[in-house]
Amino acid sequence: MTDFKGVYTALITPFTDLGTVDYKSLENIVNHQIEEGIDGLVPCGTTGESPTLSHEEHDRVIAQTVKYAAGRVPVIAGTGSNSTTEAIRLSQHAEDSGVDAVLLVNPYYNKPTQKGLFLHFKAIANSVKIPCILYNIKGRTGVNLETETLVRLTEECQNIVAVKEASGSLEQMKAVIEATNENFRVLSGDDNLALELIKLGGDGVISVASNLFPQKMATMVHAALEHREEEAERLASWFAPFFKACFLETNPIPIKTAMARYGWCRESFRLPMCALESSRHREELFAITDRMMEETAGGNN
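In terms of our numbering, the sequence shown opens at residue 1453 and continues consecutively.
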């Protein structure tokens, strides 16, 4: 079974100017990510604009990512839903497509109780044989997966092996690490908290920033995991303005805009996602990324 440590890129979904999925650009992105040393790929998450993909597109983006990766790195497919039945179908299709794991976000909008969350995740985990990674993000879903519920799930479902923690609470992340066994992986859902999480005993990050800077993110996270603190801290300081810029407006608008600037995709979104609203945000984003690109090309940091 894959040991889910390191940096896993939450892939953007590139679209053509006509709004269809741009599979050629997706293939280029996947190959570049792997060549730059990323630990794994996560298609069809929030950053991949999964809520606006049709079921057919969702299935195909996952299947094509598996095809393009060709076994070189693990693929973790975003298959969560606020409908348990739909999440089961998506997860089973992803399993059939050859993914290494599925990422299951808290059900959104309907705000289930902790009992409902437990039954939801248990039903999905029992429907597949591959590893399941839970995704706790109260800010997007309106509900928090409490540590007690998570622990109970890990005890009853052996294939629930990790959590993407985006609660924003280091205290909760620490509680999860302390309450789960040593083989359970805790990944940050926030780039800016990845280093602090690893210091607490966490295992890495599912990253937005690594779409544009995969090698640098991999270097930073592995330096932290290998206790090369000075190098990790230096890179975290270098990244800090970009981590902030990635959320100048709703993710994935800034990261996809930056990716388009450097030729990885078109600046094309699916409504209700749209182009950056503020020209000031665009100028700030490009000032930061242009500097970072120049320094990367020059071998700095």
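All C-beta atoms in this analysis are idealised placements derived from N, C-alpha and C, irrespective of residue type, glycine included.
In the structure shown, what three-state DSSP assignment does residue i receive?
{"i": "Y1560", "result": "coil"}
{"i": "T1461", "result": "strand"}
{"i": "S1506", "result": "coil"}
{"i": "E1678", "result": "coil"}
{"i": "S1662", "result": "helix"}
{"i": "V1525", "result": "coil"}
{"i": "V1603", "result": "helix"}
{"i": "S1535", "result": "coil"}
{"i": "N1588", "result": "strand"}
{"i": "L1728", "result": "coil"}
{"i": "F1467", "result": "strand"}
{"i": "R1722", "result": "coil"}
{"i": "S1640", "result": "strand"}
{"i": "I1707", "result": "helix"}
{"i": "V1551", "result": "coil"}
{"i": "I1490", "result": "coil"}
{"i": "E1617", "result": "strand"}
{"i": "V1595", "result": "coil"}
{"i": "I1612", "result": "strand"}
{"i": "V1657", "result": "strand"}
{"i": "V1580", "result": "coil"}
{"i": "G1530", "result": "strand"}
Output yes or no for whether 9 Å exceeds the beta carbon distance between residue i and residue j.
{"i": "L1737", "j": "L1723", "result": "no"}
{"i": "I1585", "j": "I1629", "result": "no"}
{"i": "G1500", "j": "L1470", "result": "no"}
{"i": "L1505", "j": "V1554", "result": "no"}
{"i": "R1604", "j": "T1498", "result": "no"}
{"i": "H1510", "j": "L1542", "result": "yes"}
{"i": "N1753", "j": "E1747", "result": "yes"}
{"i": "A1618", "j": "R1637", "result": "no"}
{"i": "P1503", "j": "R1718", "result": "no"}
{"i": "Y1520", "j": "V1482", "result": "yes"}
Just tell me which of the options has its CA closest to the CA of residue i.
{"i": "N1644", "options": "F1691, T1671, V1613", "result": "F1691"}
{"i": "Y1587", "options": "T1671, D1474, V1657, S1662", "result": "V1657"}
{"i": "N1635", "options": "D1655, E1488, I1486, V1554", "result": "D1655"}
{"i": "P1583", "options": "E1746, G1751, D1742, T1454", "result": "T1454"}
{"i": "C1496", "options": "V1518, K1590, N1483, T1748", "result": "V1518"}
{"i": "A1710", "options": "E1678, T1531, R1743", "result": "R1743"}
{"i": "E1508", "options": "K1476, E1678, R1713, E1538", "result": "E1538"}
{"i": "S1689", "options": "A1618, V1673, R1524", "result": "V1673"}
{"i": "F1695", "options": "D1642, T1536, M1725", "result": "D1642"}
{"i": "Y1714", "options": "T1741, S1730, S1731", "result": "T1741"}
{"i": "Q1566", "options": "I1589, T1601, L1556", "result": "T1601"}
{"i": "T1531", "options": "H1679, S1731, H1572", "result": "H1572"}
{"i": "K1590", "options": "Y1520, L1569, E1608", "result": "L1569"}
{"i": "T1702", "options": "L1677, A1521, S1730", "result": "S1730"}
{"i": "K1668", "options": "G1751, H1545, K1476", "result": "G1751"}
{"i": "L1597", "options": "E1608, Q1610, K1616", "result": "K1616"}
{"i": "C1609", "options": "K1574, G1620, Q1624, M1625", "result": "K1574"}
Quick one: what's got a C-beta closer than 6 Å to residue i's C-beta in the same chain, skipping five residues either side?
{"i": "V1595", "result": "N1558, K1563"}
{"i": "I1540", "result": "I1576, S1579"}
{"i": "S1549", "result": "I1514, A1515, V1518"}
{"i": "R1734", "result": "L1728"}
{"i": "T1599", "result": "A1627, V1628, A1631"}
{"i": "E1547", "result": "V1580, I1582"}
{"i": "A1675", "result": "E1683, A1684"}
{"i": "L1687", "result": "M1672"}
Kindly list the residues whose CB is nearer than 8 Å to the CB of residue i, restricted to its own chain and excluding five residues on each side of it in sequence; keep chain order.
{"i": "N1480", "result": "W1716"}
{"i": "A1670", "result": "G1458, V1459, E1488, G1489, I1490, D1491, S1662"}
{"i": "I1707", "result": "I1464, T1499, V1660, A1661, N1663, L1664, C1698"}
{"i": "L1622", "result": "L1645, E1648, L1649, L1652"}
{"i": "F1456", "result": "G1492, P1526, I1528, A1553, P1583, I1585, V1613, A1614, R1637, L1639, D1655, G1656"}
{"i": "I1705", "result": "F1721, M1725, C1726, A1727, L1728"}
{"i": "Q1544", "result": "S1579, V1580"}
Apart from the five residues on each side of it in sequence, which residues of its chain come closer than 7 Å, Cβ to Cβ, to residue i?
{"i": "T1461", "result": "Q1485, I1490, L1493, V1494, S1659, S1662, N1663, P1666"}
{"i": "T1606", "result": "I1612, T1632, F1636"}
{"i": "Y1560", "result": "N1534, R1592, T1593, G1594"}
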